[in-house]
Amino acid sequence: MIIETGIPALDDHLHGGVPQGKSLVYYAYPGVECNVFGMQTVHRAISEGGRGIYVTSSTDPRMIRDLFKEFGWDAAEYGDRFVIVDGFSGLVGADSPEQYVVSNPDDAGSLTQAIKQVMEDAREPSVIVFESLSTIMDLCGESATLDAIEEWNRYAMLYDHVVVYNFTAWPYSEDTLAHVKGDIFNSVVSIGGITEKVIFGQYFGVRKIDWDEVTKKCILFKVLKPGGVRVYLPKILVTGPFDAGKSTFVHALSTRAVSVDRLGTTVALDHGHVDHRGFAADIFGTPGQERFDPIVKLLSGEAMGIFLILDSTNTADFVRAKHMLEITESMGLPVVIVANKQDLEGALTPEEIRRGLDMAHDAPVMPVVATSREGVFEAFDVLVDRVMEAGSI
Amino acid sequence: MTYNLGISRIDELVGDIKGGTNIMMIGPPMCGKDDITNIIAYNGLINKNAAVIVSTREPGKNVLDWFESRDLSIPPEHIGIVDCVTRTLGFGAPDTENIKMASSPVDLTGIGVKISQFFERFWMEMQVKETRLCINSLSTILMYSNLQTVFRFLHVFTGRIKAANALGVYVIEDGMHDEKTIVTLKQLFDGMIEIREGDDGYQIRAIGLSPKPTPWFDYEIDGVNIVLRG
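The listed protein sequences correspond, in order, to chains H and E.
Using this note's numbering, you'd call the opening residue of the first sequence number 1 and step up by one each time.
Using this note's numbering, you'd call the opening residue of the second sequence number 394 and step up by one each time.
Right, dumping it as structure tokens:
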């Protein structure tokens with residue numbers, strides 16, 4: 001059986017998820033969000049009817065359920081399918097409300113005792129998430145922790161549990177980091193930051209799996225509250241001729257959107273934020289009139305994919321549509337043609353539009369009625385799939 | 394990019410502090426280190442800098458109140474507080490515009506993430522490039538973690554301060570740690586603000602920020618001013 005992480009794009013790259021008895025480490029660079037990955041994984045397991053065990057090391061166990069709630073995951077509903085191993089209270093000398101308590105959190109042996117106990121007591125294969133392996137390493141020492149991990153993983157394999165570790169790669173010894181990235185886990189997912197002077201973007205990518213081939217890709221993500229980890233597309237461009245329905249499309253697709261317009265015509269841009277099917281995207285709509293072409297060029301920089309919106313009843317605009325694609329300098333970028341206004345009389349079929357534009361036979365043309373949101377998310381799904389296929393983002 | 398501390402005579406003697414400087418502030422209990430730290434942050438805020446304050450001893454709300462009660466003309470959106478206290482008291486407070494919650498002083502991963510988030514917001518969204526990071530205090534973090542752990546954490550974040558041309562101020566309680574701890578941590582800093590008990594109250598000086606240490610000055614805290622005597 002395969003356990004999904006709850007992050008669809010990651011599950012794709014893990015070939016479905018993590019097989020029972022295997023381990024996974026989320027290997028994060030300092031300053032990049034990591035713990036939410038483990039939380040999302042345990043939430044996914046429980047919401048699918050499984051059982052989750054959460055080993056806390058740096059958070060008061062009374063706060064854990066609140067933390068889940070911030071992401072929209074109501075841990076109170078998990079009931080006894082969610083168990084907390086308290087490796088924090090002992091550290092601050094507080095009483096623990098939990099059944100499983102690590103009496104001495106800075107001793108790997110004490111932790112191992114609690115972990116083994118909870119693994120044995122679990123009535124079924126479970127997902128065990130370590131909130132912060134780096135905190136354990138800080139408290140117990142690098143060498144003792146590495147030894148303990150091997151023991152926990154062996155024990156988990158025995159009971160068919162999946163073990164997931166959140167790990168922040170502080171500057172530990174090179175040896176330790178090499179072990180964590182290399183040989184002690186069945187799979188490693190890197191979580192990194194795009195840094196110039198500061199971290200301004202985050203990505204993840206599978207670094208190692210020992211049950212299938214690795215596809216090396218970096219996928220941008222954002223953490224939403226509520227929502228959790230969302231694959232993030234920072235710029236999707238929506239362009240097309242005047243009056244094709246670009247603004248309507250942006251608003252139909254977005255959870256929130258604004259337009260800079262005058263008398264109903266976009267004169268600068270539309271901007272919307274999409275949160276759909278595990279993906280978050282910022283979409284930018286261009287004006288359609290020729291006099292705004294310099295703005296179109298400006299807006300199109302660094303776009304990751306393009307929606308070309310067409311009025312399906314207006315073949316006269318097809319030349320202009322192709323010209324707009326050229327202005328956006330979108331050569332090589334994934335493009336989805338949105339055949340809008342399909343509800344109007346005289347609307348061409350997607351096939352007719354493809355021929356009219358002289359596009360390749362596999363160029364995606366999606367029938368859409370933006371005013372009623374019909375087909376807009378299907379078009380988004382197609383573009384996202386193309387962007388993801390296109391390579392590293 | 395340069396900074397000053399907002400401590401008049403010391404600023405004159407030290408001159409402009411270049412971006413990327415990390416300063417350790419060390420002094421005995423009750424000498425007003427919290428106020429001095431906040432005043433250094435405040436001095437940036439009135440000059441359109443942004444300030445990130447990591448609070449390990451006071452709930453973030455109290456830190457924010459300190460600023461709000463003293464001067465309403467500072468831009469509140471330029472203040473970011475990483476609160477390491479509230480959740481350890483058992484309160485499930487959510488993040489706000491100004492205050493982001495870390496789970497505890499042990500949660501160095503969370504503290505690091507929240508600092509980075511504020512820096513990203515100030516730099517990328519608000520285009521405020523001059524930022525001050527004040528960690529008050531390292532001593533609390535050291536109570537729950539060991540020296541090596543804190544050293545690793547600081548190694549990363551003093552490096553980030555340098556990369557971002559920001560100013561870092563890190564508070565340590567004098568007399569609470571052994572000599573080895575202080576000597577080890579000192580390696581990471583470019584200078585120090587030292588506070589000691591004098592005959593007539595407390596005294597302050599800066600070391601390492603100018604060719605010679607500044608003289609010791611008696612001081613008093615008056616609102617958002619540090620008044621030096623002598």
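All C-beta atoms in this analysis are idealised placements derived from N, C-alpha and C, irrespective of residue type, glycine included.
Thinking just about the alpha-carbon of each residue, which of the options is nearest to the one in residue i?
i, options, result
"Lys579 of chain E", "E:Gly412, E:Ile403, E:Ile416, E:Asn397", "E:Ile416"
"Pro364 of chain H", "H:Arg354, H:Val238, H:Ile199", "H:Arg354"
"Val214 of chain H", "H:Gly375, H:Pro334, H:His13, H:Asp261", "H:His13"
"Ile492 of chain E", "E:Lys555, E:Asp427, E:Ser448", "E:Ser448"
"Val198 of chain H", "E:Ile600, E:Ser538, E:Glu513", "E:Glu513"
"Glu4 of chain H", "H:Ser89, H:Arg262, H:Val42", "H:Val42"
"Trp516 of chain E", "E:Asn529, E:Arg463, E:Asn442, E:Leu602", "E:Asn442"
"Ile136 of chain H", "H:Glu124, H:Asp282, H:Trp170", "H:Trp170"
"Ala495 of chain E", "E:Leu535, E:Pro452, E:Glu518, E:Gln520", "E:Pro452"
"Ile46 of chain H", "H:Ile128, H:Ser57, H:Gly305", "H:Ile128"
"Asp428 of chain E", "E:Thr414, E:Val564, E:Ser603, E:Thr574", "E:Val564"
"Arg545 of chain E", "E:Ile619, E:Thr577, E:Pro487", "E:Thr577"
"Pro294 of chain H", "H:Val274, H:Asp175, H:Glu326, H:Val180", "H:Glu326"
"Gly618 of chain E", "E:Val407, E:Phe460, E:Arg480", "The residue asked about is misnamed: residue 618 of chain E is Asn in this sequence, not Gly. Here the closest residue by C-alpha is E:Phe460."
"Val336 of chain H", "H:Gly346, H:Gln342, H:Asp385", "H:Asp385"
"Ser23 of chain H", "H:Ser312, H:Arg154, H:Ala379", "H:Arg154"
"Ala252 of chain H", "H:Pro105, H:Glu196, H:Val376", "H:Val376"
"Val499 of chain E", "E:Arg480, E:Lys522, E:Phe511", "E:Arg480"
"Asp66 of chain H", "E:Glu470, E:Asp464, E:Asp488", "E:Asp488"
"Val250 of chain H", "H:Phe380, H:Val188, H:Ala178", "H:Phe380"
"Glu299 of chain H", "H:Asp311, H:Thr315, H:Asp282", "Inspection of the sequence shows that residue 299 of chain H is occupied by Leu rather than by Glu. It is H:Asp282 whose Cα lies nearest to the Cα of Leu299 of chain H."
"Ala156 of chain H", "H:Arg320, H:Lys222, H:Ser126", "H:Ser126"
"Arg598 of chain E", "E:Glu590, E:Phe610, E:Pro604", "E:Phe610"
"Glu345 of chain H", "H:Glu124, H:Ser134, H:Thr313, H:Gly79", "H:Thr313"
"Gln40 of chain H", "H:Asp121, H:Val274, H:Ser372, H:Asp74", "H:Asp74"
Give the interface partners of residue i over in chain E, defined as CB-CB distance under 7 angstroms, in chain order.
i, result
"Met63 of chain H", "Arg480, Gly485, Ser496"
"Trp170 of chain H", "Arg545, Phe546, Val549"
"Glu77 of chain H", "The premise fails here: Glu77 of chain H is roughly 17 angstroms from chain E at the closest Cβ pair, so nothing lies under 7 angstroms."
"Thr41 of chain H", "Simply none; closest approach about 17 angstroms."
"Glu33 of chain H", "Val506"
"Pro30 of chain H", "Gly505, Val549"
"Glu345 of chain H", "Those do not exist, as Glu345 of chain H stays about 46 angstroms from chain E at its closest Cβ, beyond 7 angstroms."
Any idea which residues DSSP pairs residue i with across the strands?
i, result
"His271 of chain H", "H:Val258, H:Phe284"
"His276 of chain H", "H:Phe279"
"Leu202 of chain H", "The amino acid at residue 202 of chain H is misidentified as Leu; the sequence shows Gln. According to DSSP, which records beta bridges pairwise, Gln202 of chain H is partnered with H:Gly193, H:Phe221."
"Gly601 of chain E", "Per DSSP, none; premise fails for Gly601 of chain E."
"Gln40 of chain H", "Answer is none; Gln40 of chain H lacks a bridge partner."
"Ser23 of chain H", "H:Val163"
"Met366 of chain H", "H:Val338"
"Leu621 of chain E", "E:Tyr612"
"Cys527 of chain E", "E:Ile446, E:Val562"
List the whole-angstrom C-beta distance separating residue i from residue j, where the pair is believed to meet the contact cut-off of C-beta under 8 angstroms.
i, j, result
"Ile191 of chain H", "Tyr54 of chain H", "With a Cβ gap of about 19 angstroms, Ile191 of chain H and Tyr54 of chain H do not count as contacting."
"Ile588 of chain E", "Pro421 of chain E", "7 angstroms"
"Glu98 of chain H", "Ile115 of chain H", "Wrong, their Cβ atoms sit about 13 angstroms apart, outside the cutoff."
"Ala434 of chain E", "Ile446 of chain E", "6 angstroms"
"Gly285 of chain H", "Asp270 of chain H", "3 angstroms"
"Leu237 of chain H", "Ile306 of chain H", "5 angstroms"
"Glu142 of chain H", "Tyr100 of chain H", "Their Cβ separation, rounded to whole angstroms, is 25 angstroms, which puts Glu142 of chain H and Tyr100 of chain H out of contact at 8 angstroms."
"Asp243 of chain H", "Asp343 of chain H", "Actually they do not touch by this definition, with Cβ atoms about 16 angstroms apart."
"Phe37 of chain H", "Val188 of chain H", "Phe37 of chain H to Val188 of chain H, Cβ: 12 angstroms. No contact."
"Ala370 of chain H", "Thr248 of chain H", "4 angstroms"
"Lys216 of chain H", "Gly201 of chain H", "The pair is not a contact, with the Cβ atoms about 18 angstroms apart (cut-off 8 angstroms)."
"Ile534 of chain E", "Val521 of chain E", "Their Cβ separation, rounded to whole angstroms, is 26 angstroms, which puts Ile534 of chain E and Val521 of chain E out of contact at 8 angstroms."
"Leu581 of chain E", "Leu547 of chain E", "5 angstroms"
Just the chain E side, please: which residues come within less than 8 angstroms of residue i by C-beta, in chain order?
i, result
"Asp37 of chain H", "Looking at the sequence shown, residue 37 of chain H is not Asp but Phe. Under the 8 angstroms cutoff, chain E gives no residues; its nearest Cβ is about 12 angstroms from Phe37 of chain H."
"Ser134 of chain H", "Leu501, Thr502"
"Leu91 of chain H", "Val499, Tyr537"
Below 8 angstroms on C-beta distance, what does residue i contact in chain H?
i, result
"Met517 of chain E", "Val198, Phe200"
"Glu513 of chain E", "Val198, Ile199, Phe200"
Starting from the beta carbon of residue i, find every residue of chain H whose beta carbon is closer than 9 angstroms, and list them in chain order.
i, result
"Val475 of chain E", "None at all; the shortest Cβ gap to chain H is about 12 angstroms."
Can you list the residues of chain E that residue i reaches, using a CB-CB cut of under 9 angstroms?
i, result
"Cys218 of chain H", "Near Cys218 of chain H there are no residues of chain E at all, since even the closest Cβ is about 18 angstroms away, more than 9 angstroms."
"Leu177 of chain H", "What Leu177 of chain H touches in chain E: nothing, since even the nearest Cβ is about 12 angstroms away."
"Ser143 of chain H", "What Ser143 of chain H touches in chain E: nothing, since even the nearest Cβ is about 13 angstroms away."
"Glu70 of chain H", "Gly485, Pro487, Asp488"
In chain H, which residues lie with their C-beta within 7 angstroms of the C-beta of residue i?
i, result
"Ser538 of chain E", "Asp138"
"Thr542 of chain E", "Asp138"
Quiz item: Taking only runs of the beta strand (DSSP E) that begin and end inside the region 52-110 of chain H, which ones reach a length of at least 3 residues, in chain order?
Solution: 52-56, 82-86
Quiz prompt | Contained beta strand (DSSP E) runs [length at least 3] in the region 549-579 of chain E, N- to C-terminal order | solution = 560-566
Quiz item: Where are the beta strand (DSSP E) runs, 3 residues long or more, that stay fully inside the region 131-193 of chain H, in chain order?
Solution: 162-168
Exercise. At 3 residues or longer, and completely inside the region 440-502 of chain E: list those beta strand (DSSP E) runs for me, N to C.
Key: 443-448, 472-476, 492-494
Quiz prompt | 4 or more residues per run - each alpha helix (DSSP H) lying fully within the region 394-446 of chain E | solution = 401-407, 426-438
Quiz prompt | beta strand (DSSP E) runs contained entirely in the region 296-345 of chain H, provided each spans 3 or more residues | solution = 305-311, 335-340
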